[in-house]
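Working notes for the structure below.
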Amino acid sequence: MKPMDPATDLQPMPTEHLINELQSYGVRLVDPRAGADSRRGGAGPSDHKALTLDGMTVMVPVHTAPAFESPYLVEKPDAYGRSRISRDGLVLGEVSFPLQPKFYGLSTADGIPYSKIAVLHGRDVLATTVLQTCIRYQSRTKTCQFCAIGQSLAAGRTIERKTPAQLAEVAKAAVELDGVKHMVMTTGTPPGKDRGAAILTESAAAVKAAVNLPIQVQCEPPDDDAWFARMHAAGADALGMHLEACTEEVRAAIMPGKAQVSVERYFGAFEAAVPVFGRGQVSTYILAGLGDSREDILKICDRLTRMGVYPFVVPFVPISGTPLESHPTPSPAFMNSILGPLAGMLLATGLKSIDVKAGCAKCGACSALSTYERQNSAQGGCS
Ligand code: SF4
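Per my numbering, the sequence shown starts with residue 1, numbered consecutively.
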């Protein structure tokens, strides 16, 4: 595909800029059933659909308010699953949709569809929310305002607690039938001081006993740093502890419950976890567009990259039905102003998404960051 930039007289648009635009504006789909089912609700980013352009699979908003007015339109796929994409009526090229995975057709012996236990993310990532409830989700005053962890549960698209045996069964099938390459295990935060580390430990152990699949576990910093070694010994290859926002003010406003765990506690946990998992195998998710300035985000990314933590910066996408459903997405220019310098920091500190063993930083579908990384290393410098 040779994307063109209508704003610059049909000069080719760099792929990373096109991804920023698609993730900021979303796309309108002529055929909403094209490709694998889109994700609605759930923990973390949602209301996206995976589409492949220039050989890369990216998650693009399709069910959000901005997407309904997006200048980008994806036509109905042809017999080969290819669709034309246009901007304001001008055809830019072709995209395709990853197909519905085969493991979605199976159910456990007790009748639970595998797709309620884990889902395909991007092109080759198996993702699950081990515990679909969260102490932070109980009241409007505590909830993370971007999160929809309860929506998919209420709609019956998932089950509350995925057992280790269920996860192992689905992971094995997803590897054998669909060739998934790594797995993301996230969790709502349960009551108790381990903040989910215990259920992630038992889940990782069960999956690893069934199939050789790299796993990233994601949780809040547990009370005791000894959990990092336990999770790693159980089979977790990578760890995500997600700041979501960088400054205490924005964190307190957007996620009053989770903000009780301070940024400094996150840094203490990163410091303890990096020697266990290795440089670049610990990551954090930062949602750009929640109120932190470019400088706030780059400052914290500088600190993170120097200590060997991969900051996966993604554009905030409002999810329908959440308190932030009308919050605007960040502009493509704002994302460009962060991801360019961040790719330079990653290059300077030797952190690469392709070296991450499992998880969001490796998948990269929710951000253009890995495309900036590739551009930067090809140019051998910082932008
Ligand atoms: S980056 Fe993470 S949340 Fe986004 S599609 Fe990939 S695995 Fe899922």
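For glycine and all other residues, C-beta sits at the position ideal for the given N, C-alpha and C.
Since the model is a prediction, treat every value here as computed from it, not as a measurement.
Item                                                                                                                                                                                         : Value
For A348 versus T284, is the C-beta spacing smaller than 9 Å?                                                                                                                                : no
Contact check, A205 vs C219 under 8 Å by CB: the rounded distance?                                                                                                                           : Contact flag wrong, Cβ pair sits at about 15 Å.
What is the rounded straight-line gap between the Cα of A245 and the Cα of A79?                                                                                                              : 43 Å
Roughly how many angstroms lie between the CA atoms of R230 and F277, to the nearest whole one?                                                                                              : 11 Å
State the start and end residues of the unbroken beta strand (DSSP E) segment that holds Q218.                                                                                               : I215 to Q218
So, does the CB of W227 fall closer than 9 Å to a CB anywhere in chain B?                                                                                                                    : The question asks about chain B, but that chain is absent: this structure has only one protein chain.
Under a Cβ-count criterion, where at least 16 other Cβ atoms within 10 Å of its own Cβ denotes burial, should I354 be classed as buried or exposed?                                          : exposed
Would the C-beta of H121 count as close to ligand 1, meaning under 8 Å from any of its heavy atoms?                                                                                          : yes
How is the beta strand (DSSP E) around I85 delimited, first residue to last?                                                                                                                 : R82 to R87
How should L29 be labelled, buried or exposed, when 16 other C-beta atoms within 10 angstroms of its C-beta is the threshold for buried?                                                     : buried
Check this for me: beta carbons of P318 and A65, under 9 Å apart or not?                                                                                                                     : yes
Can you confirm whether the stretch 354 to 372 touches the stretch 113 to 123 when touching is taken to mean that 3 or more C-beta pairs between the two stretches lie within less than 8 Å? : yes
By Cβ distance, which residues of its chain are closer than 8 Å to P6, with the 5 residues on each side in sequence left out?                                                                : Because the pLDDT at P6 is just 46, under 50, the model does not fix this residue reliably, and the value given afterwards should be weighed accordingly. Result list for P6: R87, D88 and L90, in chain order.
Can you give the beta carbon distance from M185 to T108, rounded, assuming they're within the 8 Å contact cut?                                                                               : At roughly 18 Å, the Cβ-Cβ gap does not stay under 8 Å, so M185 and T108 are not in contact.
Using the Cα positions of H232 and Q216, report the straight-line distance between them to the nearest angstrom.                                                                             : 10 Å
Since I believe Q151 is in contact with K321 (beta carbons under 8 Å), could you give me their beta-carbon distance rounded to a whole number of angstroms?                                  : A quick correction: the sequence has Gly, not Lys, at residue 321. Confirmed, Cβ separation roughly 6 Å.
Which same chain residues, not among the five before or five after D237, have their C-beta less than 6 Å away from its C-beta?                                                               : P214, I215, K357 and A358
Is any heavy atom in ligand 1 found nearer than 8 Å to the beta carbon of A335?                                                                                                              : The question names Ala, but residue 335 in the sequence shown is Met. M335: no, Cβ never under 8 Å from ligand 1.
Sort out for me which residues DSSP pairs K49 with in a bridge.                                                                                                                              : V60
Given a cut-off of 9 Å on the beta-carbon distance, is the pair S315 and I300 in contact?                                                                                                    : Residue identity check: residue 315 is Pro in the sequence provided, not Ser. It is not a contact, given that the beta carbons lie outside the stated cut-off.
How many angstroms separate the CA atom of A226 from the CA atom of A269?                                                                                                                    : 10 Å
Roughly how many angstroms lie between the CA atoms of A174 and G105, to the nearest whole one?                                                                                              : 11 Å
Can you say whether K387 is buried or exposed, counting buried as having 16 or more other CB atoms within 10 angstroms of its CB?                                                            : The question about residue 387 has no answer here: the residues shown for the chain are numbered 1 through 383.
Check whether the Cβ of F312 lies closer than 8 Å to any heavy atom of ligand 1, and answer yes or no.                                                                                       : yes
Alpha carbons only, please: which of T52, P113 and Q100 is nearest the one belonging to I85?                                                                                                 : T52
For ligand 1, any of its heavy atoms closer than 8 Å to the Cβ of S152?                                                                                                                      : no
Going by alpha carbons, who is nearest to R303 out of P275, P323, V263 and G340?                                                                                                             : V263
Taking 9 Å as the threshold (C-beta atoms), are T57 and A368 in contact?                                                                                                                     : no
So the beta strand (DSSP E) H182 belongs to, where does it begin and stop?                                                                                                                   : H182 to T186
Please go through the same chain and pick out, in chain order, the residues whose beta-carbon is closer than 7 Å to the beta-carbon of T385, but skip the five residues on each side of it.  : Nothing in the structure corresponds to residue 385, since the chain is present only between 1 and 383.
Helix, strand or coil, according to DSSP, for F97 in the structure here?                                                                                                                     : coil
Is any non-hydrogen atom of ligand 1 found closer than 8 Å to the C-beta of S115, if you look at the structure I gave you?                                                                   : no
Shorter than 8 Å, the distance from the beta carbon of M59 to the closest heavy atom of ligand 1, or not?                                                                                    : yes
Please list, in chain order, all residues of the same chain as P323 whose beta carbon is under 6 Å from its beta carbon, the five residues on each side excluded.                            : Q145
What is the DSSP secondary structure of H17, counted as helix, strand or coil?                                                                                                               : helix
Over the uninterrupted beta strand (DSSP E) stretch that includes P311, give me the two end residues.                                                                                        : V309 to P315
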